[in-house]
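Engineer: First the structure, which I've put down as structure tokens, then a few questions once you've had a look.
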């Protein structure tokens, strides 16, 4: 591809039109102005100049031409962005093929896209406008899905009968083309979730059988007429444009929020994604009809270096979280875990009970290794014997071994040793034996506002201390015991200074942030500054007292569980020593703890 051809492609694309597909723009003199898509801002500082065909943000200093913009927005390489723009203007880039063959293949793939786009419109129309869609509408209402979400995600309903097949044929598509596109007419009596590529084009579907659906088999495809029950969820098969191991459901809708929030939330299914966006967690995504793969995570890594895993609160969900965590580490992403509130199985249940709570629960996600160690120890029971400790170490050590930083490895090996009450050196030795070659993730272009490797996630107590320091008045409504903060820690020091400001008879005229900051060491000032930036995203959409209450509850619960585990270990030691009086005393403490 010559420089002249690159320039010709750029000349055929109007940067204002292209950027306007991502960012609402308003004319401002010779420029067009809008909110920058690469960083969070309230006043627009992002300019697009039509005459020079460039963009520039005066807030974060990002700038470039139409190719640069597309690379940054879609996480594409230069050749990928060039190919995409060439397609839009009808130019051929691939010199290895004859132009007529290239044009033929391009047209064939284009028709597959058009079939799926047409099918999505058909399903959506049946759902929102046709009498036959009433049952599907009632189903979505029962799941608290509102009209805006139905429109945003283009949800639909596939009725029984050959109506779609006949309609596609009338549109000029052959039966072979419909088959190559994944046979969207295979779905019957199902609510439909269109699956889009990162550019927002429909490439396939997931269909969920309605609760009273004919489970003997209601699908039109003759390959399904074998007398077996139809599956609850049914997906488009692999096609030239649909690859479920790489497609991330909801990413087209979530990618801008993911880039701005610097994290993505993986939930279990499409309905959880829709409800999460409806509950203002607009970074939610899910895999498409398969378990999460390394390719899914590579796709997400185009937009962020941090994922939150919010899977079901049952043994299967726990197992999926642990399996996915290994892939997350292989992809060199930072991970936190969203713990479902007591009594709620999944994101959908949380939202259906109280939609406003879901974003708070997500914001309180805990560091992955902390969650893993605590969860595995809890699952083993109150008293850990040798085989149980060995099994836990066998599960966790391979994941610790995947951590890139040796300091992180040593930290979590020590944490696991303390949880299991075994010598730290023995786990470090086992960790060395566990070391294995890592799967290498493909090179990825990072968003301009994302570092190459994320900092370790904040602990809950650091988040809580930071919140109190930023808004000490939350202590008016939230009771916090200083004992929950680790001794001689940054979190305890920050909380103590914030409490000192709060309890003064006459508070200083300066705002709490500056007063508290001056009391900190230079190192802790830097920590506090970073913490304030990290908490600002949460505070933009939630009241400080709400978040403080959620964090304090989580910290107390975690401390309570740690106390029970410690008492159980002390009981075991006392029993081995034959100290009956000590056992009796500790058992009483344990019974008291269990009642709390």
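In my numbering, the protein residues as written are 15 to 610. Where a beta carbon is used, it is the ideal one built from N, C-alpha and C, also for glycine.
Which residue from 37, 54, 355 puts its Cα closest to that of residue 61?
Structural biologist: 37
Engineer: To which residues does DSSP link residue 77 through a beta bridge?
Structural biologist: For residue 77, which the question treats as bridged, DSSP gives the partners 70.
Engineer: What is the residue span of the beta strand (DSSP E) that residue 494 lies within?
Structural biologist: Counting along the chain, residue 494 falls outside any beta strand (DSSP E), and DSSP gives it neither H nor E.
Engineer: May I ask which residues mark the beginning and end of the alpha helix (DSSP H) holding residue 285?
Structural biologist: 284 to 292
Engineer: So, is residue 421 buried or exposed, given that buried needs 16 or more other C-beta atoms within 10 angstroms?
Structural biologist: exposed
Engineer: Could you give the DSSP three-state label for residue 36: helix, strand or coil?
Structural biologist: coil
Engineer: Buried or exposed for residue 317, going by 16 or more other Cβ atoms inside 10 Å?
Structural biologist: Residue 317 comes out buried.
Engineer: Would residue 200 be called buried (16 or more neighbouring beta carbons within 10 Å of its own) or exposed?
Structural biologist: buried
Engineer: Are the stretch 388 to 399 and the stretch 362 to 375 touching, with three or more C-beta to C-beta distances below 8 angstroms?
Structural biologist: The way I'd put it, the stretch 388 to 399 doesn't touch the stretch 362 to 375; fewer than three beta-carbon pairs between them come closer than 8 angstroms.
Engineer: Under the assumption that residue 375 contacts residue 342 (Cβ atoms under 8 angstroms), give the Cβ distance between them as a whole number of angstroms.
Structural biologist: At roughly 20 angstroms, the Cβ-Cβ gap does not stay under 8 angstroms, so residue 375 and residue 342 are not in contact.
Engineer: Kindly give me the distance between the Cβ atoms of residue 489 and residue 546, rounded to whole angstroms, as I take these residues to be in contact under 8 angstroms.
Structural biologist: Actually they do not touch by this definition, with Cβ atoms about 18 angstroms apart.
Engineer: What residues in its chain sit with their C-beta under 8 angstroms from that of residue 474, if we drop five residues either side in the sequence?
Structural biologist: 378, 380, 565, 568, 569, 572
Engineer: Thinking residue 294 and residue 373 are a contact (beta carbons under 8 angstroms), I'd like their distance in whole angstroms, please.
Structural biologist: 6 angstroms
Engineer: For residue 77, I'd like the list of residues in its chain whose CB is within less than 7 angstroms of its CB, leaving aside the five on either flank, ordered along the chain.
Structural biologist: 68, 69, 70, 71
Engineer: Would you call the CB atoms of residue 534 and residue 511 closer than 8 angstroms?
Structural biologist: yes
Engineer: How big is the Cα-Cα spacing for residue 189 and residue 215?
Structural biologist: 22 angstroms
Engineer: Report the CB separation of residue 7 from residue 315 in whole angstroms; it is logged as a contact under 8 angstroms.
Structural biologist: Nothing can be reported for residue 7: it is not among the residues displayed for the chain, which extend from 15 to 610.
Engineer: Taking only runs that begin and end inside the stretch 301 to 357, name each unbroken beta strand (DSSP E) of 3 or more residues, in chain order.
Structural biologist: 320 to 324, 348 to 351
Engineer: In terms of DSSP beta bridges, what is residue 47 paired with?
Structural biologist: 40, 61
Engineer: Taking buried to mean at least 16 other C-beta atoms within 10 Å of its own C-beta, is residue 263 buried or exposed?
Structural biologist: buried
Engineer: DSSP on residue 380, reduced to helix/strand/coil?
Structural biologist: strand
Engineer: Going by DSSP in three states, residue 409 sits in which element: helix, strand or coil?
Structural biologist: helix
Engineer: Return the Cβ separation of residue 504 and residue 528 in integer angstroms, given the expectation that the two are a contact with Cβ distance under 8 angstroms.
Structural biologist: Not a contact, Cβ separation roughly 18 angstroms.
Engineer: Below 8 angstroms between beta carbons: does that hold for residue 221 and residue 177?
Structural biologist: no
Engineer: Evaluate residue 249 with the Cβ neighbour count: other Cβ atoms within 10 Å of its Cβ, from every protein chain shown; 16 or more gives buried, anything less gives exposed.
Structural biologist: buried
Engineer: Output the distance between the C-alpha atoms of residue 3 and residue 407, rounded to the nearest integer angstrom.
Structural biologist: Residue 3 lies beyond the residue range present for the chain, which begins at 15 and ends at 610; the question has no answer from this structure.
Engineer: What residue does the beta strand (DSSP E) around residue 27 start on, and which one ends it?
Structural biologist: Element bounds for residue 27: n/a, residue is neither H nor E.
Engineer: Select from 477, 423, 279 the residue whose C-alpha is nearest the C-alpha of residue 319.
Structural biologist: 279
Engineer: With a CB to CB cut of under 6 angstroms and the five nearest residues on each side skipped, what residues in its chain are close to residue 19?
Structural biologist: none
Engineer: Hey, out of 39, 87, 82, whose CA is closest to residue 52's CA?
Structural biologist: Nearest option by C-alpha distance: 87.
Engineer: Relative to the C-alpha of residue 27, which residue among 195, 491, 96 is closest?
Structural biologist: 96
Engineer: Distance check for residue 393 and residue 50, CA to CA, integer angstroms please.
Structural biologist: 46 angstroms
Engineer: Can you have a look at residue 390 and say buried or exposed, based on whether 16 or more other CB atoms are within 10 angstroms of its CB?
Structural biologist: With 16 or more other Cβ atoms from the protein chains shown falling within 10 Å of its own Cβ, residue 390 counts as buried.
Engineer: Going by DSSP, what residues sit across from residue 206 in a beta bridge?
Structural biologist: 170, 221
Engineer: Using the C-alpha atoms, what's the distance from residue 213 back to residue 337?
Structural biologist: 29 angstroms
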